Structures are given as structure tokens and as C-alpha cells.
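Single-structure report; data block below.
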Amino acid sequence: MGDKINTAQNGNFHSKDFAHAYYDESNHNAALTRHHHTQNEIIFVKEGQCTFDISGEAYTIKKNQIVLISALENHSTHSMHTPYHRYVFVSSMDLCSDYIHDPIMASAFVRSNHHLGVIDLPPEIADEMEGYFKTLVSETAKHEVKWKERCATTLFNILILLYRSNPETFAIQKNPDDLNVIFAIKDYIDHNYSQPLSLETVAQSFYINKYYLSHQFKEIIGYGFKKYIQLIRINKAKILLQNTSLTVNEICTKIGYDNINYFIRLFKEKEEMTPYQYHKMFYQHHSGK
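Every letter in the sequence shown is one number past the one before it in the UniProt record's numbering, and letter 33, counting from 1, is 33.
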């Protein structure tokens with residue numbers, strides 16, 4: 001019987017954490033269950049092979065390869081070839097929105113760029129990448145003064161390294177003016193998701209045509225304007241369900257919805273369970289640690 005590994009248990013992090021990194025060596029066959037994470041995730045494989053399902057698409061990641069997974073994408077693992085050695089860095093969406101202000105760098109975590117899936121690293125780049133991940137492991141373990149800032153700086157260095165070796169992973173083909181305004185709108189949504197948001201009012205606030213905004217947002221971010229707001233709100237709801245005792249009604253209001261039935265339907269469509277079931281599953285899971 002294969003070992004079962006849960007990333008959250010192995011890495012000892014929680015959805016409310018700003019960032020966490022760890023190195024893991026699995027030397028037995030393992031099956032990982034579906035991830036209900038709420039953070040961006042970077043996986044860097046040093047040995048072995050693993051197959052992921054990310055938002056319905058299969059990706060196989062091997063030695064000296066790296067994959068970036070958005071906080072808005074559910075994923076699971078189907079198979080693992082051992083020994084499987086990897087570095088993992090998970091970070092809240094706040095890390096990117098608060099510290100990564102270059103839209104080209106931030107575009108590494110948007111869905112529209114994930115058609116490439118796994119990124120190959122030449123051996124010399126892989127060695128440099130491992131150094132950055134070791135820094136992240138140390139910083140997130142020790143929490144010394146300014147550790148968050150150093151994590152953000154290290155993440156930025158990782159993205160620059162990926163940009164130099166794999167520029168096609170980033171939104172370099174987009175108009176810089178479009179990138180700047182769309183990522184400014186994305187950041188606005190990320191910080192104001194609890195407020196009423198409509199295509200018309202946001203377009204007016206940013207002095208942009210609403211039809212142009214709608215088209216460019218989907219083109220650059222990978223989700224439609226309305227869909228992105230829904231996903232951000234569900235993401236915030238998951239964090240509250242995992243870390244607070246607020247009722248589903250209270251969470252519904254807190255994330256910007258006034259219709260509890262609509263919120264429950266959206267949540268179930270995304271997570272394949274109700275908010276209450278999600279809350280119960282999470283606490284049952286961690287009570288057995």
C-alpha cells in the first residue's frame with residue numbers, strides 16, 4: 001500500500017500564512033489527494049517525476065523542471081515516480097499584489113500563460129534556482145526581521161530567472177499600456193473584492209471603455225471580469241472557512257455577496273462541496289494530525 005502524503009501536513013503551513021517553503025523527499029509510492037489550497041504555489045523538482053491535474057489539464061514534471069500554480073486553480077496528483085525530491089513554495093496572493101508590481105513578472109501566475117505548463121531549466125539555471133529555494137526555506141522557517149520582504153525579493157529573483165531562460169512564460173507579447181492598466185484593475189479587485197464591483201463602474205474608475213476592458217481582461221488574465229471576481233471571492237471564503245468560526249451567512253456578506261443561495265451555488269460549482277462541507281472537511285482533516 002502506498003504512502004499518502006498531504007502537502008499541507010508535510011509543509012506544515014496554513015491557508016492564512018503569508019508564505020511557506022519546504023524541501024521534501026518521498027522515497028515510496030504515494031498518492032496525493034486533491035488540493036484545496038488558497039495560495040500560489042511553485043514546485044521545483046530535483047529528482048523523480050510527478051503528474052499533476054491542474055484545472056482539468058494533465059502536466060508531468062520531472063528533474064530540473066518547475067511549475068507555477070495559481071491560487072485560483074485546483075489541482076491534484078495522479079502518479080509519482082520515486083524517489084521524488086522537490087522544493088515547494090506557497091505564498092498568499094497578497095505577496096504578489098503587495099510586492100510584485102511589475103505586471104510582466106506578475107503575469108507568471110495568471111491563467112492565460114499556463115498553456116505552457118511545465119518549464120524546463122538548464123542545469124546551471126537549476127542550480128541557481130535551488131539556491132533561491134533554500135533561501136525561501138530558511139526565511140519562512142526562521143521568520144527573522146524583514147523575512148516577508150526577503151521572501152518577496154527572492155520570489156522576484158526566481159521570476160526574473162524564469163523570464164531570462166523562458167520569456168515565453170510571461171506576457172511579453174502584450175501592449176505594455178494594456179498590461180499596466182489590466183494588472184492595476186486586477187490588483188484593485190484583489191483588494192476591494194468585498195465591495196460592489198461592476199464592469200461599468202470599474203471601467204469608469206480607470207477611464208477605459210467597458211467593452212475593451214472586458215476583452216483585454218480575459219485576454220491577459222485568462223478569466224472573464226465577472227468570473228475573476230467570483231474566483232477571488234471564493235478564494236477569500238475558503239480562507240475564512242479554514243481559519244475562522246464565522247457562519248456561512250457572515251462569510252457570504254464579508255466577501256461581497258448578499259444572496260446566500262447564490263454564494264453556496266458558486267462555491268459548490270468551484271469546490272464540489274458546500275461551504276459548510278468544506279469547513280467541516282478542513283477541521284476534521286486537521287484534527288487528526
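Here a beta-carbon is modelled for each residue, glycine too, at the ideal position from N, C-alpha and C. Predicted model, so just to flag it, every value in this text is computed and none were measured.
Leaving out five residues on either side along the sequence, give the residues of the same chain with a beta carbon under 6 angstroms from the beta carbon of Gln-49. Lys-62 and His-81
Can you give the Cα-Cα distance for His-215 and Tyr-223, rounded to whole angstroms? 10 angstroms
Which residue comes first and which comes last in the beta strand (DSSP E) that contains Asn-40? 40-54
On a CA-only basis, which of Lys-227, Lys-280, Lys-148 and His-75 is nearest residue 299? Give me that one, please. It is not possible to answer for residue 299, since the shown part of the chain is limited to 1 through 289.
Integer-rounded CB distance, given that Tyr-193 should sit under 8 angstroms from Ile-255: 6 angstroms
In or out: Ser-76 buried (at least 16 other Cβ within 10 Å) or exposed? exposed
Near Lys-238, which residues of its chain fall below 6 angstroms by C-beta distance, leaving aside the five closest residues on each side in sequence? Thr-38
I'd like to know whether the C-beta atoms of Glu-165 and Phe-109 end up nearer to each other than 8 angstroms. Glu is not the amino acid found at residue 165; the sequence shown has Ser there. Going by C-beta atoms, Ser-165 is not nearer than 8 angstroms to Phe-109.
Is it true that the CB of Phe-267 sits closer than 8 angstroms to the CB of Ile-229? With respect to Phe-267, Ile-229 sits apart: the two C-beta atoms are not nearer than 8 angstroms.
Reducing DSSP to helix, strand and coil, say where Glu-144 ends up. coil
Measure from the alpha carbon of residue 300 to the alpha carbon of each residue in Asn-180, Ile-260 and His-143, then state which is nearest. The structure shown does not extend to residue 300, since the chain is modelled only from 1 through 289, so no value can be given for it.
Can you name, in chain order, every residue of its own chain whose Cβ lies under 7 angstroms from the Cβ of Ile-232, other than the five neighbours on each side? Ile-189, Asp-190 and Tyr-193
Do you know offhand how far Leu-121's Cα is from Val-88's? 16 angstroms
Nearest to His-78 by CA position, among His-20, Ser-91, Thr-60 and Asp-187, is which residue? Thr-60
Tell me whether the beta-carbon of Leu-95 lies closer than 8 angstroms to the beta-carbon of Phe-18. yes
What residues are listed by DSSP as bridge partners for Val-90? His-20 and Glu-41
Am I right that Ile-66 and Met-129 are in contact with their C-beta atoms under 8 angstroms? What's the rounded C-beta distance? 7 angstroms
Residue-chain proximity (Cys-151, chain D), Cβ-Cβ < 8 angstroms: Here chain D cannot be found, since the structure has a single protein chain.
Continuous beta strand (DSSP E) stretch holding Thr-244: start and end: Taken as a continuous stretch (DSSP letters only), Thr-244 belongs to no beta strand (DSSP E), as it is neither H nor E.
Enclosing alpha helix (DSSP H) for Val-202 [first to last residue]: Counting along the chain, the alpha helix (DSSP H) containing Val-202 begins and ends at 199-205.
Quick one: is Asn-64 buried, meaning 16 or more other Cβ sit within 10 Å of its Cβ, or exposed? buried
Looking only at DSSP bridge pairs, what is Gln-195 linked to? Answer is none; Gln-195 lacks a bridge partner.
Cα separation between Tyr-23 and Phe-206? 43 angstroms
Taking the alpha helix (DSSP H) that Leu-213 falls in, what are its first and last residues? Bounds of the alpha helix (DSSP H) holding Leu-213 are 210-221.
For Tyr-59, report the span of its alpha helix (DSSP H) as first-last. Unbroken run through Tyr-59 is the beta strand (DSSP E), 57-62; no alpha helix (DSSP H).
For Lys-210 and Tyr-99, the rounded distance between their alpha carbons: 28 angstroms
CB-CB under 8 angstroms to Asn-249, same chain, minus the five flanking residues each way: which ones, in chain order? Ile-260
Whole-angstrom distance between Phe-183 and Val-137, CA atom to CA atom: Whole-angstrom Cα-Cα distance: 29 angstroms.
Quick one: measure Cβ to Cβ for Phe-225 and Leu-240, integer angstroms, because I've assumed they're closer than 8 angstroms. Their Cβ separation, rounded to whole angstroms, is 23 angstroms, which puts Phe-225 and Leu-240 out of contact at 8 angstroms.
Give me the Cβ distance between Lys-134 and Arg-86, rounded to the nearest whole Å; I'm assuming they're in contact under 8 angstroms. Contact doesn't hold; Cβ gap of about 13 angstroms is too wide.
Please report the straight-line C-alpha distance between Gln-173 and Gly-117, rounded to a whole angstrom. 18 angstroms
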